[in-house]
Amino acid sequence: MNNGRFLAFILVLATIVLIFIGTKWPVKAAREFTSGEHMGRLSDTPQAALQNLGDAIRSNAWRKAYDSLANKAQFTENDFMHDVVGAYPNLRTYSRLENLESHPLHATDNEADYRVKLHWATVIGDSVSTRDVHVVRNGGAWQVEWPITKEAPLPPQVIPVNYLRWDVIFRGAGDDWGAQDVEAPHVRIIDMHPVQRAESLVIMGELLNEDVVPAYVAVNATLLNKKQQQIASEGSFDMISHLLLPKAVTPFLIKFPDVQLSQVGSVRMTPFSTLIPASADPVIEIQNEKLNPAPDASLTGEVVNQSGEIANVAHVLGTFYDQSGNIVWVADEYVERALLPQTPVPFNIPIPEDLARKISSQRTVVSTYKMGGAA
Amino acid sequence: MRRSWTALLAVAAMAACASAATAQAGGLTVPPTVEAGSAFSIASSGSGQGTLYIVGLGQVIKRDVQLGGTISIPEGTLYNAGHYMAFLAGGSGEPASFDVIPAKVSEINFLARPSRLPVKLHDGITGAVYVFDSYKNLITTPMPVSFDLNTPSEAAQNRSVQTKYGAASIAMDSSQKEGAVRFIARAGEVSATRIIGQVPGDPCALRMSAKPAGKKIELETEPVRDCSGNAVPDGTIVTFTETYNGGESMVDVPLKRGIAKIDMPAYPGANISVASGVVLGNQIHWGK
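Going down the list, the sequences are from chains V and G.
In case it helps, this note's numbering puts the first sequence at residues 1 to 375.
In case it helps, this note's numbering puts the second sequence at residues 1001 to 1288.
Okay, structure coming up:
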C-alpha cells in the first residue's frame, strides 16, 4: 500500500516537473501552435510582417492572417484561404506550411517588394510555392498586400464523359487447378541509361505498356558488381507514372545514393506490372510547354483537364533528351492545385544547370489522382 | 521406395505379433496387373481363416479371408496406381506382388498460356496437358493428345502430341485476326477448353488529319488499325504533339470508337505529329 502511494507521489511529481519544463522551455513546434511570442511579434519591419503572416498560416489562424493583410478589402477571407490552399481538395489539403522564406527585391521607407517561398510539408515531401508580394507601411506597422489569384468558380453544368473504363475479374478460389487467370499486362523497358550525378548513381529510362489493357507499373533496379554480386537494389518510387494505359509510355528514374558507376558491372532491371481497373478519363493536355535555358533552366507549361472530372492531384513528369534522342534527365513536379475542367494550371520543372545545355527536346506525361484513388 | 518397405515391414511385424490367424501354409496367386478401381480376384491355397494384407505406396488393405478359395476384391477398393504386395498374416507362403495401373483417361489438366496475346505471334500460345484417370492417377503410358486452336475466321490449327510420363505440351502460333480463340486439348474421349484472347498488335500506318476550328485545330486520326487490319482497341493512347516558335503542346488521347480526336491551339507554322507507343504517324505543318 505504501509502495503504491509512493509510486503515485513520484508520478504526480514527475508530471508537475514535465509541465513546468514544457511551459518554460517549449519546443519550436509547440510554440507555433500557441499564441506565444511568434504570433505576438510586432510587424515593425517588412520581414516581421511576412513572418507573422507565415505563422498565422502555419497555425491555420486564417482570420488572423486575413486581418493582417493591407488589401483585405479586395477579397474575402475565403478567397484568401482558397488562394493559399486551394478551393478543391488537392495536395495542400493534407499539408502544412513548414517555413516561409523571404527575399527582398526592392525596399523604401514606406514600401517593399519581397519574393516569398512557402515551403509546405506534403505527403510527397517539401513542396514550394513562390509569390512576389508587396509590403506597405501603415502607421507604425508593416502590412502585406497579398497578390490574390481568384480561382474562377466552376459553373454548374453537365459534361458527358464516355471514355472507356476497364474492370477486372480475377480467378476465384473455386476455379480448377489449371484454369486460366487474366494475364498481367505486358510492359517493356524501351530505354535505360545509367549516369553518375555527384555522389549518386541514377538510372533513367522509359517503360511502355505494349498491351491492350491498363497496367499498374513500377520498376526496380539491382546493381551488380563485376563479380555479379549485388551492390544495391532500389525502386522508382514516385519517379514514374504508375498507371499506364495501353501504348502509353512513362519515364522512370531510380537513385542509388553513394554508389559510383565505376563499381557497377551490370544492372538487372525488373519491370513490374499488374492489371488494375482504370478509366481513360481524365484526358490531360499539356500546353505552352517551353524549355527555358540556364540560368534557372526549367520546363514550364500548363496542364489542362479536358474532361469533366476534377483531378485533385496532378504529377507532371518530364523526360529530357539530347540531340541524338538519348535520355539526359527525368524530373517531376506535383501541380499545386486541383485540375478543374478546362482550367489551365501552370507547372515549372527545374532542370539541373549543367544538363540544360545538352537538352534539345522533351516529352511530358501527367498522371492524375483523385482523392480516394487513382484517377 | 524406402517408405514402401518401411510400411511393408511395419505391417508384416504387426501381423506377425497379432497372429490370431488359423491359416495353414497359405499361398496367394495374384494377377500381374490390376486396373485402378476395378474388381479382381486373388486365389489362395491352404485352409482355415487368415488375414490378407495388400500393401502399396498409397494404400493398405486388410481382409479376413477364408483360405483355399478365391478372394474377391470388389470394384473401387484398390485405386492408387503403383506396386503392391499381398501376403497372409502368419502364413508361410511368399508374398505376391502385382501392379495397379491407371484406369482409362477421365480427366485432363490443361494449362494454356497466355490468356491474352497479340495476333501473328509465332509459337506464342503454349499448352501443357497432364492426363489422369478418375482416381487422379497420372497416366504414364504414352497416349496421343490432340490440340485444336479454333479461330472464328480462319482454319483451325490441329496438332497431335504423344504424352511422355503423363504430360504433353505444344506451342502454336496466334492467328492474324483478333478475337477469342478456343484452345481445345483432347485425350481419348476427354477434352478441356481454354479461351485465348487474341488482341491487335501495334498500330500500323498511323495517320491523322487537321482542320481549322476557330482558334483551334481539330485533329483526328483515321481509324487506327494494326498491320493485319484489326482495329486497335478503344482506350489505346495516341499522343499528339504540336511544336511552334520554341513552344510545345502535347496531349495523350485515348482512342474512342477507333479514332483519336482532339482540339489543339492553332499556331501558324506549327508542326503537329502523332504517335502511339513506339509507333510514329504522319506529321502536319500548319500553314501561316
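Think of the CB as a built atom: it goes at the ideal place given N, C-alpha and C, for glycine as much as any other residue.
Computed from a predicted model, the values in this text were never measured in an experiment.
Buried or exposed for residue i, please, with buried defined as at least 16 other CB atoms from any protein chain shown within 10 angstroms of its CB.
i	result
Ser307 of chain V	buried
Val1065 of chain G	buried
Gly140 of chain V	exposed
Arg137 of chain V	buried
Ser360 of chain V	exposed
His106 of chain V	exposed
Ile169 of chain V	exposed
Pro46 of chain V	buried
Glu1075 of chain G	exposed
Gly203 of chain V	Note that residue 203 of chain V corresponds to Ile in the displayed sequence, not to Gly. Per the 10 Å Cβ criterion, buried.
Determine the direct distance from the alpha carbon of residue j to that of residue i, and round the result to whole angstroms.
i	j	result
Ser381 of chain V	Glu1248 of chain G	A question about residue 381 of chain V goes unanswered here, because the residues of chain V that appear run from 1 up to 375.
Leu13 of chain V	Ala49 of chain V	41 Å
Leu1219 of chain G	Glu151 of chain V	30 Å
Met1143 of chain G	Gly1166 of chain G	8 Å
Lys24 of chain V	Ala314 of chain V	44 Å
Asp205 of chain V	Ile240 of chain V	Note that residue 205 of chain V corresponds to Gly in the displayed sequence, not to Asp. Taking the straight line from one Cα to the other gives about 10 Å.
Ile327 of chain V	Met192 of chain V	8 Å
Ile1139 of chain G	Arg188 of chain V	40 Å
Leu154 of chain V	Val304 of chain V	14 Å
Asn288 of chain V	Ala1270 of chain G	12 Å
Asn71 of chain V	Val17 of chain V	46 Å
Asp238 of chain V	His82 of chain V	27 Å
Lys1062 of chain G	Asp1133 of chain G	25 Å
Trp120 of chain V	Gln51 of chain V	15 Å
Val133 of chain V	Pro214 of chain V	45 Å
Leu91 of chain V	Ala1171 of chain G	50 Å
Gly318 of chain V	Arg171 of chain V	38 Å
Thr343 of chain V	Ser102 of chain V	30 Å
Ile254 of chain V	Tyr334 of chain V	18 Å
Arg63 of chain V	Val283 of chain V	38 Å
Thr149 of chain V	Arg1194 of chain G	60 Å
Ala1156 of chain G	Val1181 of chain G	10 Å
Asn1282 of chain G	Ser1273 of chain G	6 Å
Gly948 of chain G	Gln180 of chain V	There is simply no residue 948 of chain G to check, as chain G begins at 1001 and stops at 1288 in what is shown.
Ser1169 of chain G	Ser1175 of chain G	19 Å
Ala278 of chain V	Lys247 of chain V	14 Å
Asn1150 of chain G	Ala1231 of chain G	21 Å
Ser200 of chain V	Pro194 of chain V	11 Å
Ala112 of chain V	Trp146 of chain V	13 Å
Ser233 of chain V	Phe256 of chain V	8 Å
For residue i, would you say it is in contact with chain V, using Cβ-to-Cβ distances shorter than 8 Å as the test?
i	result
Ser1160 of chain G	no
Asp1123 of chain G	no
Lys1120 of chain G	no
Ala1021 of chain G	Low local confidence applies: a pLDDT of 37 at Ala1021 of chain G is under 50, so the model's placement there is unreliable, with the coordinate-based value given in what follows. It does not: the Cβ of Ala1021 of chain G has no partner Cβ on chain V nearer than 8 Å.
Ser1276 of chain G	yes
Pro1265 of chain G	yes
Arg1063 of chain G	no
Pro1268 of chain G	no
Ala1086 of chain G	no
Arg1182 of chain G	no
Ser1115 of chain G	yes
Pro1200 of chain G	yes
Indicate whether at least one CB of chain G lies closer than 8 Å to the CB of residue i.
i	result
Glu380 of chain V	Since the first residue shown for chain V is 1 and the last is 375, residue 380 of chain V is missing from the structure and cannot be characterised.
Tyr369 of chain V	no
Asn288 of chain V	yes
Tyr88 of chain V	no
Asp181 of chain V	yes
Glu285 of chain V	yes
Ala280 of chain V	yes
Ile327 of chain V	no
Ile169 of chain V	no
Open item on the list: Beta carbons nearer than 9 Å to chain G: which residues of the segment 242-269 of chain V have them?
Closed with: Leu244, Leu245, Pro246, Lys247, Ala248 and Val249
Task: Three-pair Cβ contact test at 8 Å for the segment 1079-1094 of chain G versus the segment 1051-1066 of chain G - done: yes
Open item on the list: Give me the subset of the segment 202-225 of chain V whose CB atoms are less than 9 Å from a CB atom of chain G, sorted by chain position.
Closed with: Leu208, Asn209, Glu210, Asp211, Val212, Val213 and Pro214
Task: Residues from the segment 350-364 of chain V in contact with chain G, defined by Cβ distance under 8 Å - done: For the segment 350-364 of chain V, the set of residues with a beta-carbon nearer than 8 Å to any beta-carbon of chain G comprises Gln362, Arg363 and Thr364, in chain order.
Open item on the list: What are the residues in the segment 1232-1253 of chain G lying within 7 Å of chain V by C-beta distance?
Closed with: Pro1233, Asp1234, Gly1235, Thr1236, Ile1237, Gly1246, Gly1247, Glu1248, Ser1249, Met1250, Val1251, Asp1252 and Val1253
Open item on the list: Tell me whether the segment 222-231 of chain V and the segment 342-353 of chain V touch, counting them as touching only if at least three CB pairs, one residue from each stretch, are closer than 8 Å.
Closed with: no
Task: Three-pair Cβ contact test at 8 Å for the segment 291-303 of chain V versus the segment 257-275 of chain V - done: Taking one beta carbon from each stretch, the segment 291-303 of chain V and the segment 257-275 of chain V have fewer than 3 pairs nearer than 8 Å; the two do not touch.
Task: Short-range partners of chain V found in the segment 1185-1198 of chain G, where Cβ spacing is below 7 Å - done: Listed by position, the residues of the segment 1185-1198 of chain G near chain V (Cβ gap below 7 Å) are Arg1194.
Task: Any 3 or more C-beta pairs closer than 8 Å across the segment 207-227 of chain V and the segment 1210-1228 of chain G - done: no
Task: Contact set between the segment 1149-1177 of chain G and chain V, restricted to residues whose Cβ is under 9 Å from the partner - done: none
Open item on the list: So, does the segment 1111-1126 of chain G touch the segment 1033-1044 of chain G, judging by three or more C-beta pairs under 8 Å?
Closed with: The answer is no - the segment 1033-1044 of chain G does not touch the segment 1111-1126 of chain G, with fewer than three Cβ pairs under 8 Å.
Task: Residues, ordered as in the chain, of the segment 143-165 of chain V that lie near chain G by beta-carbon distance below 9 Å - done: Asn162, Tyr163, Leu164 and Arg165
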